[in-house]
Structures are given as structure tokens and as C-alpha cells.
Amino acid sequence: MNDMSTIERGAKLSETKVSARGVNVHYGDTHAIKDVNVDISNNNVTAFIGPSGCGKSTFLRCLNRMNDTIDICRVDGAIQLDGQDIYDKRVDPVQLRARVGMVFQKPNPFPKSIYDNVAYGPKIHGLAKSKSDMDDIVERALRRGAIWDEVKDRLHSTGTGLSGGQQQRLCIARAVATEPEVLLMDEPCSALDPIATAQVEELIDELRENFTVVIVTHSMQQAARVSQKTAFFHLGELVEFGETGQIFTKPEDPRTESYITGRIG
Amino acid sequence: MTALPFLLLIAAVMAGYVINRMAAGAIRDRGDRLHSLIGYHGMFSALLILVPVLTFILLWLVLQGPVIDRMVMGGLPDGALDDLDSGATQLVLAEIKSLANGRVFGTPEDWKIAAGERFVQLSNQAAWLLAIAVAVLAVGLLAFARSRVAAEFRARQGVEGIVSGLMIFCSTVAIFTTIGIIVSLTYETIRFLEAVPLTDFLFGTNWEPQIPLREDQVAAEGAFGWLPVIVGTIVITIVALLVAVPIGLFSAIYLNEFAPRRLRSAVKPVLEILAGVPTVVYGFFAILVVAPAIRSFGQSIGIDVAPNTALAAGGVMGIMLIPFISSFADDALSAVPRALRDGALGLGSTRGEMMTTVLFPAALPGIVGGVLLAVSRAIGETMIVVMAAGLIAKMTFNPLDSVTTVTVQIVTLLIGDTSFDNPKTLAAFALGMMLFIVTLIINIFALRIVRKYREAYD
Ligand SMILES: Nc1ncnc2c1ncn2[C@@H]1O[C@H](COP(=O)(O)OP(=O)(O)O)[C@@H](O)[C@H]1O
Ligand SMILES: [Mg+2]
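Top line first, the protein sequences correspond to chains A and B. Residue numbering for the first sequence follows this note's numbering, beginning at 2 and increasing consecutively. Residue numbering for the second sequence follows this note's numbering, beginning at 548 and increasing consecutively.
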């Protein structure tokens, strides 16, 4: 990496990509997210941590309006992507999701070939002009997903036949192929063994270069390893948000400290 | 009287349960460790009595009738049955039986009255004999089961063994029934083919099964080419599928993915009601509403339409099949994991794109399975076509013409004055055989297609 790009990255660090103001989420009568404000900066990895059921996934799913697909879910407040309100009536959630990609907790490749899995997004968004164009997109995405070498000889065998770790990297490649600006990852390593986890973590660090990454994790070590910023959620509230190093070494809120030292499960 | 053996059986089963349970309980109370729970000891005895004794009773009841008949007929005075063919012998037996039941017509001969009395006497003896045999058998089994009770006796394994034997029996009943059906169909078909050459049947384009039943009747020669009949079936089936598959599929897709929840919960029960309408009622609907409507519409635009069109029968059959297809497709679509939907939506596909590119391929095996079942039902459906389709076999693919189907022909061949040794009647079995083969081939074929193209998720 040359100096220019490092400087560029330094400059980008301060830019806010996604900003949330006064976000509340209800599932029917359950108040799952309570008045959350957060700014997610460009070309950073932001980690959401907190005990399970505290609303990390719910908040993550607000950022690409996946909560729209749940009937009983209601989202209030303002969330802006590059300064534009994503809950505005004029915003098409389908197009939004092309800009804000998502990787899920459980690897969910389509029961199609590896090639078709990766080509799925580009195809529905019309990103490829020709077959060879598509081949390039697929190869680039699989390389970015750090899985190209493992699958290049069997692009046309089915994606569900891969191992768990390979499937998850395939899903990351699939999300990356659409060229999103933001990549949301909901506990992407929770179904993986330690070696696969290390591979995915390494991958996340590389992805930071081109994308804004938001990752939900229940592992504090993982948050410490991969993220620059960390947000700690507790019972639907955003308790503390700041530089990862600072959150883990000298947290301001006693609840954060109890969680990090293992007193809140 | 017939209830007595069953009452004895029930009593023995209950006694066996209680006795063994108590015996096992006594062992336990002495302080020994039982291998099986006392309930299993009771169940072991109960099942050990129930299964053989019930089998014995049923076999006895099946065999009793024919045996008594033979004994009565064998005991008739010499010469009574001379010069009688088998039909007349049957008549004599029937008369004896009605005498035995106290119904007297005219003035029967003395030997018939005596035979009737003998019949009554034998029946009573048989009933008592059965009761005694059941009692002896049950007591023997009861004693045997009781003798097995011991601390280390594996009553649980015994019960599991008997129950799994019963389950194996139940699961093979369907197979043996199917084999029985095939064998009897094959037998009658071979007899039919002795009268009509196979090539005439398979490739003949004329179906006129009206042949003389008795020597003195005047009728046509008769022709048994099945092609026009199967063509009629195919035309009606295609019409039915053209109605049912798109409507059923689209309604399933809409209800599954796009409909508001309240609409879904209102429409699904209605579709299920549609599935419960008796086919006779659909038949009414076809002849009283649909056929006249098609005819008058045809006239208004100047097309000549037959009164019993394939279109009317097939269309109404299609309506009957809609809930079939939609419920299969709905189940198959619902079974696709939520994770796949999320994956597709998360990549920015619309619900429609998700449906066509992910859900539909993943649900395809289930959907094709539903369509296949619908095809089998359409081919085998009888009542609607008997009421609404024609009777005359015509070699035509025109849905506005009147056609007949295999099932209609089977029904008409077997209705009325039939005897089981002429080609007219036997032709029904040959048609049944062909129907069976056609459905079998369709099923095998479709299973292969599904296996080849399915996108398996797990
Ligand atoms: N689809 C849903 N329907 C109803 N309640 C939900 C749904 N998803 C999540 N919740 C509720 O919202 C709260 C937050 O859940 P979630 O965001 O999944 O937590 P986390 O990801 O931090 O474990 C929980 O109390 C959960 O029960
Ligand atoms: Mg979660």
C-alpha cells in the first residue's frame, strides 16, 4: 500500500457514512431499540457488542431496512446514508439494499452453483454488460471474499456443498459482488470454527479498504481484533460508543465495564 | 352371539394386563430390581393375548361361512343336485339359507327344510365352538404370559417386538393390496386379450364396445381400439391442467408472499372448502352452468359447440384441482427457509425477483409433486366426466367437441346387464390396466425430472 492511499484513508476516517438519530424500534408492544444515536464513519469497521437480546441485530437491520420485511416491526427516527434519509418515501428499499449489503449469522448460500450465487446480485441489478464482464465480476468478488483459490476449479458445483466457513466467505463474496458502500454483518463467525473465523476476520480487515463495515459480534475479542469503533448495547439502549481501544481499556459507563469484565452476560 | 368371542377377548386382555402388572409389582415390592417397568409387564401379557386371539377369531369368521355351506350341501339327499349347473346350485343354497332365516317362499321340498334346520344347527354349533376355542386359547396365553414374569424378564423388549411387528404388518398392507390389484387386473386383461388382439386394442382408432351379449341380440360387431378413449382423457386432462396449474400456482404464490396476512387467513379456509366439495356437485355445476354457458357463447360468436364439451368437463375438473395444486405449492413455498428469503432481499432483490429466482426453484420439487398428483387425479377422475363428458368415443383433439374418457368407458362397460366372460366386460379391466400403467409412467417420469432439476436446500 503506498503513502497516498494511506493519507486518503486517514482523511476518510472522519467522514460520517451513516448517521442515526433518535431511532426507536418496536416489535408489536416490545420496545426493542430505545432512542439510539450513532455515527458510523466511512472505511471503518464498527462493532456492535452487547448481551444477546439487547437489540444489536434489530438495529443493524434498520440500516438496510430489512426490518421492513417483518410485519410487526415499526421503526421511528432518522437514519441517513450520505446525508439522505433512508426512510424517506422516495427511497426504494430495494435500491437501498443494493448500496447497503448484508451478511447473515448463518451462512445462507442459495441452492445454486457457486458462480450463480455470486452473480445473483450483479444480475438483478444489471451490473454486467456481457458474459465475460460477469465472469470478471464473479472472479473479483470471490477474490475479495478470499475464497477464489478454493473454488476456482468448481465454480459450477453447488454452493451448499461447501464447508461452513467457505459458505460464509461465499456469502461475503456474494454481498461484495453488488459493490455496496456499506456492508452489514450479523455475527458472521458465530457458526464457524476458529480457523474459519480467523480467515473471515482477516477478510473483514481487508474489506475496510473499500467498504464501510458494521459487524455485530458476541465475542469481545473479535470486536477488539477487527474494529476501530465499538458500540455497546444493553437492553435496547446504546450505552457507550467510541474508539475500540478506549471502550476496552477505560470504559466510561459502569455497565460497559461490567460487560467487558464478564459480569453482565 | 357373534359378540361373545370379542367380549371374552377383551376380558382376557384386561385380565392379562392386570395380573402381570400385579405380579411384577409384587416382585418389585419384595425388593428385587425389575428389568422392565411393571406397565411393560402388563402390556406384554395384553399384547401376547390380543394379537393371536384376534387373528384367530377373524380367520374363523372368514372361514366359517364357506365351511358350513359345504357341510350343508354335502349333507343333502343323494340325487338332489343332479343335473344342476353351478348357477342353479347357488340358487338352491340361497333358498336353504333364506329358509334358515325363517323366510319361506311357496312350498319348499322337505329336504330343503331339513337342510335349513341343519344350517341353523351348524351355525349355532360353530358359534359355541368359537367361544370355547377363544376361551381355551386366551387362558393358555394368559398362563404362559404369567409364567414369564420374573425380575430379569425383558418385558419392554417383548412389547417393542410385538408392536414393531404390528407396524411392519400395517405398512405392508398397502403394498400387498397394490399387488393384489395388479394381479387381478393382469388376470382379467389377459383374458380380454385372448378375445381381442393386443395390436387392435393398442393401435385401433375405433371404440365401439357394443357387442351382442346373448345369441339372439342384434348388435354391431364391436371394436376395441383404445386410442380415441385415451385421447379423450388426455384432452380433458390438459384442459383441466390449463385451468388448475396457473390459477393454483399464482394463488399460492400470492397468498404465500404478497397477500396481507388477513386476506391470507380468509382465503386459505375457502380454498380448503373448495377441496371438500364432492365431485358429484362439480358434475352438476358442469352440466347445469358451464356447458350451457360455453354453448351459448359459442353460438353467439358463430361456432358450433357440442353439448358435452371436453372444455366444460375439463374446466370444471380444473376448478376441482385448484386447491390441490395451491395447497401443495403453498406448503412447498412456506418450507423454504427464511434465511434464503433474507439472503435474496438483503442483496436488493424485489419480492418478485426473490420469488422467481430463489423461492420457486427451491420449492419446485414440492410444486411438481402437487401438479403430478393433480394429473393422476384428473386422469382417474370419474364422476365429473360421467356427468359432463360424452359417451361416444371420437378421435379428436378439439376441446369444443364431445369426447369420452377411460373412466367413463369403464363405468358404462360395467353398468347393467353384464357377464364376466365376454370382451365387453373384460375391456373395462384392460382399460383399468392401461390407466394404471399411464399414471405409473407419469409418476416415474416426473420423479426423474424433479430429481434432476431440484435446487436442494437443507
Ligand atoms: N422478529 C421479531 N419479532 C418479535 N420480536 C423480535 C423479533 N426479532 C427480535 N425481537 C426482539 O427484539 C429484541 C432484540 O432482539 P435482537 O435484535 O435479535 O437481539 P440481539 O441481536 O442483540 O441478540 C429481543 O427482545 C427480541 O425478542
Ligand atoms: Mg442477533
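The C-beta atom is built at its ideal place from N, Cα and C for all residues, glycine as well. All values derive from a computational prediction rather than experimental measurement.
Candidates the options, of which the one nearest residue i by Cα
i	options	result
B/S694	B/T602, B/V790 and B/I566	B/I566
A/G23	A/N38, A/H32, A/T17 and A/G29	A/N38
B/E928	B/T986, B/I722, B/A680 and B/G653	B/T986
B/L623	B/I604, B/S633, B/P912 and B/I643	B/I643
B/V609	B/H582, B/V828 and B/T549	B/T549
A/L64	A/L163, A/G54 and A/E182	A/E182
A/H27	A/N43, A/G56, A/D40 and A/I216	A/G56
A/K18	A/V214, A/T159, A/S133 and A/K130	A/V214
B/F983	B/V837, B/T725, B/G586 and B/F831	B/T725
B/L978	B/W658, B/Q956 and B/K815	B/Q956
B/R888	A/R100, A/H126, A/P110 and A/L193	A/P110
Counted within 10 angstroms of its Cβ, other Cβ atoms place residue i as buried (16 or more) or exposed
i	result
B/V706	buried
B/W754	buried
B/R650	exposed
B/V1078	For chain B, the structure presents residues 548 to 1005; residue 1078 of chain B sits outside this window and is missing.
A/E9	The predicted model places A/E9 with a pLDDT of 43, which falls under 50 and marks its position as unreliable; any figure quoted below should be read in that light. Classification of A/E9: exposed, given that the 10 Å Cβ count is below 16.
A/R155	exposed
A/C190	buried
B/M561	exposed
B/Y587	buried
B/M902	buried
Opposing strand residues paired with residue i [DSSP bridges]
i	result
A/D40	A/S20
B/W754	B/F771
A/K230	A/T47 and A/E244
A/E238	A/H235
B/T929	For B/T929, which the question treats as bridged, DSSP gives no partner whatsoever.
A/S114	A/T159
Euclidean distance between Cα positions of residue i and residue j
i	j	result
B/P793	A/E203	49 Å
A/T70	A/V92	16 Å
A/E16	A/T47	13 Å
B/V639	B/L606	26 Å
A/K113	A/K153	16 Å
A/A176	A/R145	11 Å
B/N990	A/S20	58 Å
A/E1	A/G51	The requested residue 1 of chain A does not occur in the structure, where chain A is confined to residues 2 to 266.
A/T59	A/E244	22 Å
B/T784	B/A936	12 Å
B/L1006	B/L581	Look at the range of chain B in this structure, 548 to 1005, and you will see that residue 1006 of chain B is not part of it.
A/M2	A/E210	Bear in mind that the predicted position of A/M2 carries a pLDDT of just 40, short of 50, making it too unreliable to give a figure here.
B/A647	B/P552	23 Å
B/F700	B/S583	7 Å
B/S949	B/A806	40 Å
A/Q222	B/L789	60 Å
B/V696	B/A559	17 Å
B/V918	B/R811	22 Å
B/F832	B/V720	37 Å
A/G29	A/I73	5 Å
B/R924	B/A838	21 Å
Three-state class that DSSP yields for residue i in the structure shown
i	result
A/M186	strand
A/M103	strand
A/V217	strand
A/H27	strand
A/F49	strand
A/D150	helix
A/S259	helix
A/G165	helix
B/R995	helix
A/L82	strand
A/K35	strand
A/A12	Residue placement at A/A12 is flagged as unreliable, the pLDDT there being 40, under the threshold of 50; a coordinate-derived value is accordingly withheld.
A/C74	strand
A/T159	strand
A/S133	helix
B/A593	helix
B/N567	helix
B/F652	coil
B/C717	helix
B/N803	helix
A/Y88	coil
B/P839	helix
B/G917	helix
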